[in-house]
Amino acid sequence: MSAGAQAPKGTFDVLPADARARDRLERIVRGVFERAGYGRIETPAFEETELFERGVGEATDVVEKEMFSFEDRGGRSISLRPEGTAPVCRAYIEHGMHKLAQPVKLFYWGPFFRYEAPQAGRYRQFHQFGAEAIGSDEPLVDAEVIMLFDEIISEAGVPGVTLRLSSLGSPESRASYREELIAYLRANESRLAGDVRERISANPMRAFDSKDEGTGEVMAGAPRLLERLEGADAEHFDAVRGLLDANGVAYEVDDTLVRGLDYYTRTVFEFDSAHLGAQSQLGGGGRYDRLVEQLGGPATPAAGWAAGIERILLAIGDDADAPSEVRDAFVAATTGEQRHRALALVAELRSAGLSAELDLGSRGLKGQLKQADRVGARSTVILDEDGSAQLRDMKSGEQREIDPAGAIQRIEELRRESS
Ligand code: HAM
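Numbering (my numbering), first residue to last: -19 to 399.
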């Protein structure tokens, strides 16, 4: 194939056959959020680069290496959004949402962009849905958002799911731990991977996430933040755990869990699926009590998460009960004049709320009946040359003459009978 006739590296097309599974997931996601009183928010696909530098953190992989950033024609630095939390907080501030009843509960669904090495489950344009509850520091919020994630993946039928949970405390309580960890990393510097070494002072916690073997051995003996948790931070974590226990949500406390974005405080969590390969993370999130303030808004605690749509669909696999296509009717016609009548008839059927197709491929009658089968038509109206019409039941093959004017009524009856 010539260059230009291929989608860019790390991107993909969603074809109609794939779209059915996505649509099914979207209906589940919407249903869960709507029942819980979350309102949909859509923010632009690009933002000023500074939003992510300030919000996500300059020492994160996402900002340092993975953003699609460019200068627009007006000389502003713009970035395709790598994630949704900073943009949603920007919108919360910009639209004065702190004046609404708190917390403001929002959900989103859309494309995100990260310049990562493409592999199964990892793309440069991918899609997330997510939840952000902004304006409450209650452990109830942490528990509720986790339970909403849980509800969506169980309704969608995602297999082999586990939830890992931890707490990062507050930035103040983290400060002394940070010093301790930096000292430990420096003492073991020669065994660490190059990129970990470079970031010892900028982002020491990320060392827990390194895939490097030597680093892994060092980190096995590293001090743990969770063990240093105290006061209100420890109480908050206990309260979240208590609520999850009381509601039967299974989780594992993982004291090595660190997230790839800098804004987290207190609760952090990740959902994984054993049915995914190396990219096993279905989604993740946590509390980010300082982000709104950091972006110039009033001090506002918040919590949320985002899930990778492609990863969820990969984990479900092809055997999900994606609905196959069904049409109420196919309208077949052979001569020119009857083909014009066919177009008018499908339009009438559709405006009566029925699904209908006609032959657009100049097929003979036999080919049209085959096409009717292919699109899952329950019945086919055959418009004959002399103006009469036949109705064919596609399952039994039974065919009888009908009054063309009564076709809609008859097809409606068949629809009712089959539902
Ligand atoms: P994140 O963990 O960076 O969190 O991304 C959430 C999910 O997006 C991941 O678990 C994964 O399923 C999916 N994902 C990320 N990168 C890719 C990629 N390159 N290709 C395919 N899927 C990907 C966030 O984005 C935070 N904003 C979540 C959050 C919301 N925290 C609080 N509120």
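Here a beta-carbon is modelled for each residue, glycine too, at the ideal position from N, C-alpha and C.
The structure presented is a predicted model; accordingly, all values stated were derived computationally and were not measured.
{"Query": "Could you tell me the distance, in whole angstroms, from the CA atom of A173 to the CA atom of G194?", "Result": "7 angstroms"}
{"Query": "State yes or no: is the C-beta of G19 within less than 8 angstroms of the C-beta of L86?", "Result": "yes"}
{"Query": "How is Y(-9) classed by DSSP in three states: helix, strand or coil?", "Result": "In the sequence as presented, Tyr is not what sits at residue -9; that position holds Thr. Note: T(-9) maps to coil in three-state DSSP."}
{"Query": "Identify whether H255 lies in helix, strand or coil by the three-state DSSP scheme.", "Result": "coil"}
{"Query": "Considering just the uninterrupted stretch of the beta strand (DSSP E) at T360, what are its terminal residues?", "Result": "357 to 363"}
{"Query": "In angstroms, rounded to a whole number, what distance separates the CA positions of L293 and I58?", "Result": "30 angstroms"}
{"Query": "Cα separation between V220 and W285?", "Result": "15 angstroms"}
{"Query": "Please determine, among G222, L145, N183, G265, the residue with the shortest C-alpha to C-alpha distance to T236.", "Result": "L145"}
{"Query": "Give a single yes or no on whether R270 has its beta carbon closer than 7 angstroms to a heavy atom of the ligand HAM.", "Result": "no"}
{"Query": "Return the first residue and the last residue of the alpha helix (DSSP H) that S147 is part of.", "Result": "Taken as a continuous stretch (DSSP letters only), S147 belongs to no alpha helix (DSSP H), being part of the beta strand (DSSP E) at 141 to 147."}
{"Query": "In its own chain, which residues sit with a C-beta less than 6 angstroms from the C-beta of D234, not counting the 5 before and 5 after it?", "Result": "R144, S146"}
{"Query": "By Cβ distance below 7 angstroms, which residues in the same chain neighbour F188 in space, the five residues on each side in sequence not counted?", "Result": "M199, T236, V238"}
{"Query": "Beta carbon of W285: closer than 7 angstroms to some heavy atom of the ligand HAM?", "Result": "yes"}
{"Query": "Please classify H75: does DSSP put it in a helix, a strand, or coil?", "Result": "coil"}
{"Query": "Looking at C-beta atoms only, is the number of pairs between the stretch 246 to 266 and the stretch 162 to 178 that lie closer than 8 angstroms three or more?", "Result": "no"}
{"Query": "Can you list, in chain order, the residues of its chain with a C-beta nearer than 8 angstroms to that of S342? Leave out the 5 residues immediately preceding and following it.", "Result": "none"}
{"Query": "Taking its Cβ as the centre, do 16 or more other Cβ atoms sit within 10 Å of G149, making it buried, or is it exposed?", "Result": "buried"}
{"Query": "Could you pull the start and end residues of the beta strand (DSSP E) that S57 belongs to?", "Result": "57 to 60"}
{"Query": "Which residues bound the alpha helix (DSSP H) around D225?", "Result": "211 to 226"}
{"Query": "Could you name the residues that DSSP lists as bridge partners for Y103?", "Result": "Looking at the DSSP assignment, Y103 forms no beta bridge with any residue, so it has no partner."}
{"Query": "Based on the DSSP output, what are the partners of Y18 in its beta bridges?", "Result": "DSSP, once it has assigned bridges, lists no residue as partnering Y18."}
{"Query": "Using beta-carbon positions only, say whether L271 and P119 come within less than 8 angstroms of one another.", "Result": "no"}
{"Query": "Please confirm whether A309 and L329 have their CB atoms less than 8 angstroms apart.", "Result": "yes"}
{"Query": "Should the stretch 43 to 54 be called in touch with the stretch 71 to 86, which here means at least 3 C-beta pairs below 8 angstroms?", "Result": "no"}
{"Query": "Could you round the C-beta distance between Q274 and R2 to whole angstroms and report it? I think they count as a contact, below 8 angstroms.", "Result": "Between R2 and Q274 the Cβ distance is about 34 angstroms, and since that is not below 8 angstroms, they are no contact."}
{"Query": "According to DSSP, what are the bridge partners of I114?", "Result": "V84, A282"}
{"Query": "Give me, in chain order, the residues of the same chain whose beta-carbon lies closer than 7 angstroms to that of E112; leave out the 5 immediate sequence neighbours on both sides.", "Result": "T65, V68, L86, A282, G284"}
{"Query": "If distances are taken between C-alpha atoms only, which option among S116, E38, V12, Q99 comes closest to Y88?", "Result": "V12"}
{"Query": "Would you mind reading off the limits of the alpha helix (DSSP H) that contains V125?", "Result": "119 to 136"}
{"Query": "Give a single yes or no on whether L241 has its beta carbon closer than 7 angstroms to a heavy atom of the ligand HAM.", "Result": "yes"}
{"Query": "Got a sec: does the ligand HAM put a non-hydrogen atom nearer than 7 angstroms to the Cβ of R319?", "Result": "no"}
{"Query": "Given the structure, does E159 come close to the ligand HAM, in the sense that its CB is under 7 angstroms from one of the ligand's heavy atoms?", "Result": "no"}
{"Query": "What is the C-beta distance between E313 and T360, in whole angstroms, given that I count them as a contact (C-beta under 8 angstroms)?", "Result": "The question names Glu, but residue 313 is Ala in the sequence shown. Not quite, the Cβ-Cβ distance comes to about 10 angstroms (not below 8 angstroms), so this is no contact."}
{"Query": "Starting from F32, trace the alpha helix (DSSP H) in both directions and tell me its first and last residue.", "Result": "29 to 35"}
{"Query": "If you run the structure through DSSP and keep just helix, strand and coil, what is V400?", "Result": "Nothing can be reported for residue 400: it is not among the residues displayed for the chain, which extend from -19 to 399."}
{"Query": "Tell me which residue opens and which closes the beta strand (DSSP E) that A336 is part of.", "Result": "336 to 338"}
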